[in-house]
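Notes follow the structure.
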Amino acid sequence: GGTGKKFFRNGRTDVEHSHGIIRNNVVMYCPDVAVYLNKAADTKIYNNTFYKTMGIDVRFRASTAVIKNNLMTGRIKDRDGGTSVRENNVVVSGKSWLKKGFQSWFQNPDKGDFSLKSGGPFIDKAQLLPEIYEDICGNPRPSNPDIGAYEYNTGTICRLIGEK
Numbered sequence: 671g672g673t674g675k676k677f678f679r680n681g682r683t684d685v686e687h688s689h690g691i692i693r694n695n696v697v698m699y700c701p702d703v704a705v706y707l708n709k710a711a712d713t714k715i716y717n718n719t720f721y722k723t724m725g726i727d728v729r730f731r732a733s734t735a736v737i738k739n740n741l742m743t744g745r746i747k748d749r750d751g752g753t754s755v756r757e758n759n760v761v762v763s764g765k766s767w768l769k770k771g772f773q774s775w776f777q778n779p780d781k782g783d784f785s786l787k788s789g790g791p792f793i794d795k796a797q798l799l800p801e802i803y804e805d806i807c808g809n810p811r812p813s814n815p816d817i818g819a820y821e822y823n824t825g826t827i828c829r830l831i832g833e834k
């Protein structure tokens, strides 16, 4: 990865992107990381659901991130001088934990159905963040929001893949 030198503004190649926010996304079946920060300064990664991915990489000294309220498989890794602040994430790792985690919490996560089967450690457990006022479906976040891309207090969630 990386941006070609001729595409940098003012010829400065130390940072590729700054002050970005990644929020309310669902990323599934990525054999690599769901998010790869390459020279990305001051990035916020909030309230995402990453399923069957390797997680998040924060790479190179210029990369800094605040990672909060994500529901995910895999791991969060700082590489080659990248740094992150991690708070309030539910990280499920290892194949056996998928069955105890995502498979037990959701109707059919393998098909993108994240409707609740049973509660989980993410319900009403997110930190309230000013940048997160709604979920992936456009439902408002309450004062006690859920971790991940969806807000479950509405009783229904939008479908992202196909019909029910």
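Numbering-wise, the sequence shown is residues 671 to 834 according to my numbering.
Don't be surprised by glycine CBs; every beta carbon is placed ideally from N, CA and C.
Computed from a predicted model, the values in this text were never measured in an experiment.
Query	Result
Start and end residues, beta strand (DSSP E) containing S628	As displayed, the chain neither begins before 671 nor continues past 834, which places residue 628 out of reach and without an answer.
Length of the line joining the Cα atoms of T824 and N809	8 Å
Unbroken beta strand (DSSP E) run spanning F772, endpoints	Run containing F772: none in the beta strand (DSSP E); it sits in the alpha helix (DSSP H), 772–775.
Host beta strand (DSSP E) of K714 (start-end)	713–716
T743: first and last residue of the uninterrupted beta strand (DSSP E) it sits in	741–743
The region 770–779 contacting the region 746–756, beta-carbon criterion three pairs below 8 Å	no
Assigned secondary structure, N680 (DSSP; H/G/I helix, E/B strand, else coil)	helix
At least three beta-carbon pairs within less than 8 Å, the region 756–765 to the region 723–739	yes
Endpoints, beta strand (DSSP E) assigned at N708	705–708
First and last residue of the uninterrupted beta strand (DSSP E) at D727	725–729
T824 in three-state terms, based on DSSP	helix
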